[in-house]
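Notes to accompany the following structure.
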Amino acid sequence: MDVRYDRACDAPGPFFDIPVAPEPSDGYAALAPAPEGWDCRVQGEWRQLTPAGRVLPEQGWKIHVSATSGTAAEVLRVVHGHCVPETVAFKHLVSPAELLRRNGKYAPRAASGKFVTVYPADDDVLAATLDALQARLAGMPGAYVLSDLRIGDGPLYVRYGGFRPMWVTGDGRRVAAIRRPDGILVPDPRTAAFTVPGWVSLPDVLAPHVAARAGGERLPYRVVKALHFSNGGGVYQAYRNTDGSPVVLKEGRPHAGLDARGADAVQRLRHEHRVWSELAGLPGIPEVYELFTAWEHTFMAMRHVPGVHLGRWVAANCPLHADATDTELRAYARRATALADRLAAVIAGMHERGWIFGDLHPRNVLVGEHDEPTLIDAETAFPVTGAEHRPALGAPGFRSPAHLRGAAVDEYALAAIRWWLWLPLVAMDELVPPVSDRQLAWAHRRYGVPRPALEALRRTLRAGPRHYRAAPVDAPTDPGRLRAALVRALSASATPQRADRLFPGDVEQAGSDGLGFGYGACGVLFALRTAGEPVPPRYRQWLDSRLRDTPPQRPGFWTGAHGVAWTLHLLGAPDRAETILSRIPDRDVTGADLAEGRAGAALALLDLGIDRGDRRLTDRAAALARDLDPAGLPPGLFTGAAGVALTFLRLYDVTGETCWLARARQAMEQALAGCVDTGHGLAVLDGGRTLPYLWHGSAGIALVAARLARHLPDTPATERLPHLLRACETAFTIYPGLLAGRAGLLLAQASLTADPALRAAVVDRHLTGLRLHAVGYAGGVAYPGTTLRRLSMDVHTGTAGVLLALAGPHRPALPLLTPLTSLRPAPAGPSQPAPEGAPPCKTFSTCSS
């Protein structure tokens, strides 16, 4: 679970939103006033104070100071009292709410415990600052900062890392970076272990603390595997040191993994041990052994229960392929109903023993070989006698409404699980009323579940006063009418009066200042333009203002400068595009993938260079591509080898150099090697999942395989193309969006289906499926984004992506897959852009140069 979505759901309205806001009135600013001559700036959850004119180095040794809600005020006074007179820059969390969120159960472990960050200018300042703060803060409690070296027994921690935002990419993922002595950016590791880059010397002041870290207690168990991590601790498979018997160890970290009431993981673990002990002997209840402390952490030893969590059970057993038979569907319906009945019996047994589970959701249910459910994670269980009690934690979609208390909390979650077994869209209940008429009809038709049973679930899930942010809408299945409805919603959602964003989207848009192609304004404007909509002047004015104030600083197409420049060029501002690209050194483009790495940057430069007739840009593209190596990448289009193959193919189209074609074939063979036959087509194997999607699955690979087949019809890509497309014929997807949902499957299949009648059937089938997710907004149609809890308008996760899928039914309407010139409207005069497959334009250095 990503806590950024929780924070983005706090805002009113139907969209994710983390607005730029003034310092909160209940915050910590009053404890750390900005002195005259200092710069003070609030960014998200952080407030940074820097001496005026001071430019922080890119990286160095930094100090993290941990705190609890009870010690935070004193910690901040001490840090402020030292750093201001000594002119040392620092930042702190803005409010108690952010401190609670930072240390919450589902917060990222790498960020846990960090309340204040201090930026010493050099090793001497580091030593002086540590001495001063340790003298004042020794012995004070706080969550352990797992990535750092602990200083003494207090809340001080140190690590070497970035002071300023720098980024690298790999596998389509953007991570923080530091710079090697040779100038190359490399990942800045923020793991659960203290590490020092190989070229960095350890300051003398840290040596005794490194030595102290080498000690530590031994567990009375031999840990062999980590099963799960949360900010509150880990869950481990282990064996007793005495007799070798298998156990599961659950860990609780003090002052971390906080719930809404401020209880930490240790408190909840002790509570859970009590609950399981009192429920001992009941079916579906795990057997617990001892509770013990090792080092500063608390552990509970439990009997190992074989099985998979309920989500994996559904993925393995639910027939989601489009050609599933009635026999398969009815068999699943019987198994799912029987499993839910057994789970209800386990919950009833708990209630009879005097306990309410309180946090029932699929990841807290293990399913055994014979479909027997076992509950795990009773941290939030509460006594039946506390009938007015509500749990302080809960999973979206399964968390009961605020008016429910006592046993009704479990009854609601049971109903949500029963409904989720038919249609896993329960997280939409924060956005629209659960179980729409269309969803109910779908479950009844597909699985044969009796309507009265589904109606009963709907009554439970809609009972009592609720606040919904939107309503389901009967979205049209005619492509033209749906396009118009999407454009209405997108246009109504625009906020040109806001500085931080033009269109609401995923939480990731904050990472590209609201500009980036995947999650920000550029992608939405491209989608509108591709659909034939003019770009209003107020949108262009917003772009101009944003680019003037915060021009993109990092490379890459999907969230970086290359995508912004490519879009500006297409919108008729080529000089602005070139100015942006001139600020980004090619050496800072790391990773090989299409989304954020060298493959995408090369294609953007290639497009712009060919369109402008600028050899400097096309030479840069060739140089980036020349060093591309897909080895070690996953298979997919935007994150892996298929995207590298696309880059090579586009270079072959332009240059005619056969070396590019040979490299494209090799990269595609690597991509296809990462696919498995599911029995219903070829899909990408990712851990225990098989993925058909455009971002990282078979749909994206199919688009590149079709391009390769035009040049090399006898390759494995040609043979496997129908099987890749067959994997796109799923009956259901969790998400509606373009990159990881149904819209991308629609785009791939419609683009690669030649027969008009078959193509029309493909479009109709996918548009019918999209109706399950459709939400009404401003007289139009919109779609929920990641987590399904709010609407998104961006290309990657939301409404603009669906629009793109509809805008190009005869060819991919995605950037980079086709030349930029073919995405322009045809000019009025006799001159026309060269079609794909035209004789290449050899204007730059080639693969062999």
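End of the sequence shown sits at 1927 in the numbering used here; the numbers just go up one at a time, nothing left out. Note that CB positions come from ideal geometry on N, CA and C, so glycine has one too.
Round the Cβ separation of PHE1476 and ILE1434 to the nearest angstrom and send it over; I've been treating them as touching at under 8 Å.
Actually they are not in contact, since the Cβ atoms of PHE1476 and ILE1434 sit about 14 Å apart, beyond 8 Å.
Kindly list the residues whose CB is nearer than 6 Å to the CB of GLU1457, restricted to its own chain and excluding five residues on each side of it in sequence; keep chain order.
ARG1346 and GLU1350
Quick check on the DSSP output: the beta strand (DSSP E) that includes TYR1317 runs from which residue to which?
1311-1318
Can you check DSSP and say which residues form a bridge with ARG1928?
The structure shown does not extend to residue 1928, since the chain is modelled only from 1079 through 1927, so no value can be given for it.
By Cβ distance below 7 Å, which residues in the same chain neighbour ILE1096 in space, the five residues on each side in sequence not counted?
ARG1085, ALA1086, GLY1122, VAL1585 and ALA1588
Quick one: what's got a C-beta closer than 7 Å to ASP1685's C-beta in the same chain, skipping five residues either side?
TRP1644, PRO1897 and LEU1898.
Report, in whole angstroms, the separation of the C-beta atoms of PRO1663 and TRP1620, which I expect to be a contact under 8 Å.
In fact, because the Cβ distance is near 28 Å, the residues do not count as touching under 8 Å.
Would a C-beta distance cut-off of 8 Å place SER1308 and TYR1222 closer than the cut-off?
Contact: no.
With which residues is ALA1761 paired in a DSSP beta bridge?
VAL1754
For GLN1126, I'd like the list of residues in its chain whose CB is within less than 6 Å of its CB, leaving aside the five on either flank, ordered along the chain.
Excluding residues within five positions, the ones whose Cβ falls inside 6 Å are ARG1119 and LYS1169.
Does HIS1399 come out as helix, strand or coil in the three-state DSSP assignment?
strand
Measuring CB atoms only, is the stretch 1533-1546 touching the stretch 1837-1850, in the sense that at least three cross pairs come out at less than 8 Å?
no
Skipping 5 residues on each side, what residues in its chain have a beta carbon closer than 7 Å to that of LEU1695?
If we look at LEU1695 and ignore the five residues flanking it on each side, its Cβ neighbours are LEU1683, LEU1686 and GLY1687.
Beta-carbon separation of ALA1780 and TYR1771 under 8 Å?
no
DSSP beta-bridge partners for GLY1138?
GLY1239
Taking the alpha-carbon positions, what's the VAL1081 to ARG1187 distance?
11 Å
Could you tell me which residues DSSP puts in a beta bridge with LEU1453?
VAL1443
Under the rule that 16 or more other beta-carbon atoms within 10 Å means buried, what is SER1900, buried or exposed?
exposed
Select from VAL1510, GLY1359, TRP1277 and GLY1230 the residue whose C-alpha is nearest the C-alpha of GLY1138.
TRP1277
My understanding is that PRO1233 touches ALA1145, with C-beta atoms under 8 Å, so please give their C-beta distance in whole angstroms.
6 Å
Hey, how far is the Cα of VAL1527 from the Cα of ALA1411?
7 Å
First and last residue of the beta strand (DSSP E) that includes ILE1229?
1227-1229
Just the C-alpha distance for ASP1556 and VAL1880, rounded to the nearest angstrom, thanks.
When rounded, the distance between both Cα atoms is 14 Å.
How about ILE1229 and HIS1158: are their beta carbons less than 8 Å apart?
no
Span of the beta strand (DSSP E) holding GLU1368?
If you look at GLU1368, you'll find it in the beta strand (DSSP E) that goes 1366-1372.
For the putative contact between SER1225 and PHE1193, defined by C-beta atoms under 8 Å, what is the C-beta separation to the nearest angstrom?
Taking C-beta atoms under 8 Å as the contact rule, SER1225 and PHE1193 fail to qualify, at a distance of about 15 Å.
So the beta strand (DSSP E) GLY1858 belongs to, where does it begin and stop?
1858-1862
In three-state terms, what does DSSP make of ASP1872?
coil
DSSP state of PHE1604, grouped into three classes?
helix
Consult DSSP for THR1831 and reduce its assignment to one of helix, strand or coil.
coil
Shortest alpha-carbon distance to PRO1298 belongs to which of ALA1379, ASN1181, ARG1566 and ASP1088?
ALA1379
On the DSSP letters alone, give me the boundaries of the alpha helix (DSSP H) that CYS1118 sits inside.
From DSSP, CYS1118 is part of no alpha helix (DSSP H) but of the beta strand (DSSP E) over 1116-1121.
Let me check understanding here. Comparing Cα to Cα, which of THR1657, VAL1133 and VAL1166 lies closest to LEU1208?
VAL1166
Report the residue from ASN1442, TYR1525, ASP1321 and ALA1486 whose alpha carbon sits nearest the alpha carbon of ARG1408.
TYR1525
Quick one: using the 10 Å Cβ neighbour count with 16 as the cut-off for buried, is LEU1305 buried or exposed?
exposed
Give the straight-line distance between the Cα atoms of ARG1242 and SER1279, rounded to the nearest whole angstrom.
20 Å
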